[in-house]
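Asker:
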Amino acid sequence: MSSTKHVILELEKARKLKARLKAGEVCLGAQIALSDPAVAEILGRAGYDWLVVDTEHSANTTATVRAMLQAATSTNAVLLARPLRFDPDEIRRFLDLGSPGIICPFINTGKEAEKLVEACRYPPAGVRGYGPRRAGVYGFDANEYFSDANNSLLCIPIIESKLSVENIEEIVGVEGIDGVCVGPMDLSMSLGLFKQFAHPGYLEAYEKVRLACHKYKKAMGTACYSLDHARRCAAQGDQLLLIGGDDHYLSAEAQRWVEALRGGNKS
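Just so we're aligned: 405 in my numbering is position 246 of the sequence shown, and the numbers increase by one with no gaps anywhere.
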């Protein structure tokens, strides 16, 4: 519709995040489970580099994802969508709404990683159907979006099973995969070591993922379960650090205030 070349803001932010990851920078993220778009705006303004709208373990929908994307536009945060499962149709909807990338659960093999990349890319590089409504600024910048999307969108599998660890080199070796993010809860459960993050068996699996990421020059990430854990991960070269989420922040801070005033805690 427009004859003027424009920069698609969300794709530009995604490219900047990609560049930072390739440069070895640590990028801080938070997960959004609550459905109010103000959460995305607040976390973005707080300085997070990337945010994840979780539709797997929350009541979030395509409608709330769109609202989150609109709210995050005024911030520097890259807002990724986390689908319920690997589903090309659901992924296409999130991308058409303007999500600059997908962080996807249940990616256990190299072939599944290939299919994730294909779902995020237009032909001939992929199988994504054309219809970038909000992503193409409702037609005003659709041509610019189409020309830039394939090389801009982020594709990040979540590593959360014993099988995905066994196949980690195949997964991170796929062209178009930007990095991975370990899900400590599900991974430890899959290993029969639920929440035993200091267990040698868990640490061995985690190290295997890290070494594969370093070998293939892909970003290594994880959900962090404490501030000390996040600092250790950053010190050992992990980059995509998911440091909590909105529901956790709200419950922890609310509990801290109540305990401080009712329980005599001086902090």
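The C-beta atom is built at its ideal place from N, Cα and C for all residues, glycine as well.
1. Please state whether the Cβ-Cβ distance between Val333 and Glu273 is less than 9 Å.
2. Measuring only the C-alpha atoms, how far is Leu346 from Glu169?
3. Can you name the residues that DSSP bridges to Trp209?
4. Is the distance from the Cβ of Asn219 to the Cβ of Ser194 below 9 Å?
5. Decide if the segment 397-409 is in contact with the segment 181-193; the criterion is three or more beta carbon pairs, one per stretch, under 8 Å apart.
6. Let me know the secondary structure DSSP gives Leu168 once reduced to three states.
7. Taking all protein chains shown into account, decide if Trp209 is buried (16 or more other Cβ within 10 angstroms of its Cβ) or exposed.
8. Using CA atoms only, rank isn't needed, just tell me which of Ala226, Lys354, Ser349 and Asp337 is closest to Gly380.
9. Apply the 10 Å Cβ neighbour rule to Asp248 and answer buried if 16 or more other Cβ atoms are within range, or exposed otherwise.
10. Counting only runs of 3+ residues fully inside the segment 259-333, write out the beta strand (DSSP E) ranges in chain order.
11. Under the rule that 16 or more other beta-carbon atoms within 10 Å means buried, what is Phe245, buried or exposed?
12. Out of Asp300, Pro343, Gly422 and Gln398, which one is the CA nearest neighbour of Tyr361?
13. Taking only three categories from DSSP, how would you classify Thr223?
14. Identify every run of the alpha helix (DSSP H) within the segment 369-393, keeping only runs that are complete inside it and at least 4 residues long; order them along the chain.
15. Between Pro291, Ala230 and Pro242, which lies nearest to Pro264 when the distance is taken from Cα to Cα?
16. Can you list, in chain order, the residues of its chain with a C-beta nearer than 7 Å to that of Asn267? Leave out the 5 residues immediately preceding and following it.
17. Apply the 10 Å Cβ neighbour rule to Gly422 and answer buried if 16 or more other Cβ atoms are within range, or exposed otherwise.
18. How many Å lie between Pro196 and Ser311 at the Cα?
19. What residue range does the alpha helix (DSSP H) around Leu346 cover?
Answerer: In brief:
1. Contact flag set, yes.
2. Straight-line spacing of the CA atoms in Leu346 and Glu169 works out to 31 Å.
3. For Trp209, DSSP records a beta bridge to Gly188 and Val237.
4. Yes, these two residues count as a Cβ contact at 9 Å.
5. Contact between the segment 397-409 and the segment 181-193 is present, with at least three C-beta pairs closer than 8 Å.
6. Note: Leu168 maps to helix in three-state DSSP.
7. Looking at its Cβ environment, which holds 16 or more other Cβ atoms inside 10 Å, Trp209 is buried.
8. The residue from Ala226, Lys354, Ser349 and Asp337 with its alpha-carbon nearest to that of Gly380 is Asp337.
9. Flag for Asp248 reads exposed.
10. Listed in chain order, the complete beta strand (DSSP E) runs (minimum 3 residues) inside the segment 259-333 are 260-263 and 313-318.
11. Buried, since its Cβ has 16 or more Cβ neighbours within 10 Å.
12. Tyr361 has its Cα closest to that of Pro343, out of Asp300, Pro343, Gly422 and Gln398.
13. Secondary structure at Thr223: helix, using DSSP grouped into helix, strand and coil.
14. Complete alpha helix (DSSP H) runs here, min 4: none at all.
15. Closest by alpha carbon: Pro242.
16. Spatial neighbours of Asn267 in its own chain (CB-CB distance under 7 Å, excluding positions within 5 residues in sequence) are listed in chain order as Ser320, Leu322, Ser323 and Asn326.
17. By the neighbour-count criterion, in which 16 or more other beta carbons inside 10 Å mark a residue as buried, Gly422 falls on the exposed side.
18. In a straight line, the C-alpha of Pro196 is about 24 Å away from that of Ser311.
19. In the DSSP assignment, Leu346 falls within the alpha helix (DSSP H) that extends over Pro343 to Ser349.
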